[in-house]
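Some notes on the structure that comes next.
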Amino acid sequence: MTFDTHLVLTGPLRKPHQMLADQEYGGHTSIHDDAMAEKLGFRAGPIEGPTHFSLYPPLLHQIFGEKWFERGCISAHYQNMTVEGEETRAFADVPAPGATSTRVWVEKGDGTPVQEASATIGPDHGETLLEKRLREMRPHGKLVILSDLKVGMTGAEDELVRMDFDQNMGALYPFSLTQKLKVITETSSWYYGGEGSPWGRAIIPLEMVSVLAEYSSAKARFPVKGPAVGLFADQEIRMIDGPLFVGEDYLIRREIAALSESKRTESYWVRTRIFDKTGKTQKAEMLLNHATLKHSYANYQAELSEQA
Numbered sequence: 355m356t357f358d359t360h361l362v363l364t365g366p367l368r369k370p371h372q373m374l375a376d377q378e379y380g381g382h383t384s385i386h387d388d389a390m391a392e393k394l395g396f397r398a399g400p401i402e403g404p405t406h407f408s409l410y411p412p413l414l415h416q417i418f419g420e421k422w423f424e425r426g427c428i429s430a431h432y433q434n435m436t437v438e439g440e441e442t443r444a445f446a447d448v449p450a451p452g453a454t455s456t457r458v459w460v461e462k463g464d465g466t467p468v469q470e471a472s473a474t475i476g477p478d479h480g481e482t483l484l485e486k487r488l489r490e491m492r493p494h495g496k497l498v499i500l501s502d503l504k505v506g507m508t509g510a511e512d513e514l515v516r517m518d519f520d521q522n523m524g525a526l527y528p529f530s531l532t533q534k535l536k537v538i539t540e541t542s543s544w545y546y547g548g549e550g551s552p553w554g555r556a557i558i559p560l561e562m563v564s565v566l567a568e569y570s571s572a573k574a575r576f577p578v579k580g581p582a583v584g585l586f587a588d589q590e591i592r593m594i595d596g597p598l599f600v601g602e603d604y605l606i607r608r609e610i611a612a613l614s615e616s617k618r619t620e621s622y623w624v625r626t627r628i629f630d631k632t633g634k635t636q637k638a639e640m641l642l643n644h645a646t647l648k649h650s651y652a653n654y655q656a657e658l659s660e661q662a
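Written out as structure tokens, the structure reads:
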């Protein structure tokens, strides 16, 4: 007998930790600082969106197996912020046998949506959630903060990066992998390596791939006006020849993939390609929508009027 019953995998409720209260960029504190968040109209400094990505791997390993870590993709749209102390949990639709994609999402304990996402296995991922959002995106209006950016613009230089266990990841991420692993919502022996890892080495957790990819982002020198405060609005992390390893050197190249605009934000979408240290073999990539708050830029209205 077979059934048409829709089945969903559900993870446990977790309380993710806020680790970006001391984050700095562009010479000022970020939206993750409570005082800055309140100044901008938010109730407290939010937990960084990719933190919730750690909720997915246990579910997706159950569905797709080890290949999820080698060529899996999470493509997510952030819906509502969470703050320290709030509970969250992940969900995943159970796909038909042999399927290479499914819907996943995160909710707060009270059911408030936190993010919606697609989870796919490559090499043929089909259309991911963010690819669909980009395809349906309306043309943007006049840009002020991002007026000097152009789609196709590339970073100023190749960036060599790595992540060691006790390496502080800088002003953007003022903590180490070891510190993250002490509070990560879903722990795994694979994050520590040794005999526990199918690859014989420690793998970088999915949420920390975002940290690795953004660690040296200032070197791209994209001409974004400031000071202004931004946040992550959409994010896709895709493994091509994964996983990524702790203590491994990687080369990063960046490109402006899209520009968009809403009532409150101007957004630049950056595609970050992660290669082996030779720059010849691509290992992973990240698509990230940096949404910059218009009202956080002091000259916004004046410069907008000048364009009229």
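Sequential numbering of the sequence shown, starting at 355, is according to our numbering. We put the CB at the ideal spot given by N, CA and C, even for glycine. Note that this is a predicted model, so its numbers are computed, not measured.
By alpha-carbon positions, which one of the options ends up nearest to residue i?
i: Gln-372; options: Asp-588, Thr-539, Ala-645, Pro-581; result: Thr-539
i: Arg-457; options: Asn-434, Val-437, Cys-427; result: Cys-427
i: Ile-558; options: Thr-436, Gly-633, Val-537, Gly-601; result: Gly-601
i: Arg-516; options: Thr-405, Tyr-654, Arg-425, Asp-603; result: Asp-603
i: Gly-509; options: Met-593, Ala-444, Ala-572, Phe-357; result: Ala-572
i: Lys-421; options: Gly-439, Lys-617, Phe-407, Ile-475; result: Ile-475
i: Arg-555; options: Phe-599, Ile-610, Glu-438, Tyr-654; result: Phe-599
i: Ala-567; options: Gly-584, Gln-469, Lys-637; result: Lys-637
i: Phe-445; options: Pro-477, Leu-642, His-406; result: His-406
i: Met-593; options: Leu-613, Leu-361, Asp-478, Thr-532; result: Asp-478
i: Ser-614; options: Thr-359, Leu-535, His-644, Lys-631; result: His-644
What whole-angstrom Cβ distance do residue i and residue j have, given they're in contact under 8 Å?
i: Leu-414; j: Ala-473; result: 6 Å
i: Ile-401; j: Met-507; result: Going by Cβ atoms, the distance from Ile-401 to Met-507 rounds to 31 Å, so no, they are not a contact pair.
Under a Cβ-count criterion, where at least 16 other Cβ atoms within 10 Å of its own Cβ denotes burial, should residue i be classed as buried or exposed?
i: Ser-588; result: The question names Ser, but residue 588 is Asp in the sequence shown. Buried: at least 16 other Cβ atoms inside 10 Å.
i: Pro-411; result: buried
i: Pro-467; result: exposed
i: Phe-423; result: buried
i: Leu-500; result: buried
i: His-431; result: buried
i: Gly-365; result: buried
i: Val-505; result: exposed
i: Arg-489; result: exposed
Leaving aside the five residues before and after residue i along the sequence, list all residues of the same chain whose C-beta is less than 6 Å from its C-beta, in chain order.
i: Glu-441; result: Leu-367, Lys-369, Gly-463
i: Pro-404; result: Glu-561, Ser-564
i: Arg-575; result: Ala-510
i: Tyr-654; result: Val-498, Lys-648
Within the same chain, show all residues whose beta-carbon is closer than 7 Å to that of residue i, passing over the 5 residues directly before and after it, in chain order.
i: Gly-633; result: Asp-512, Leu-605
Find out if the Cβ-Cβ distance for the pair residue i, residue j is shorter than 8 Å.
i: Val-448; j: Leu-409; result: no
i: Val-537; j: Thr-646; result: no
i: Lys-527; j: Tyr-569; result: The residue asked about is misnamed: residue 527 is Tyr in this sequence, not Lys. Contact: yes.
i: Phe-586; j: Leu-642; result: yes
Tell me which residues share the same chain as residue i and place their Cβ nearer than 8 Å to its Cβ, disregarding the 5 neighbours each side in the sequence.
i: Arg-487; result: His-431, Asp-588
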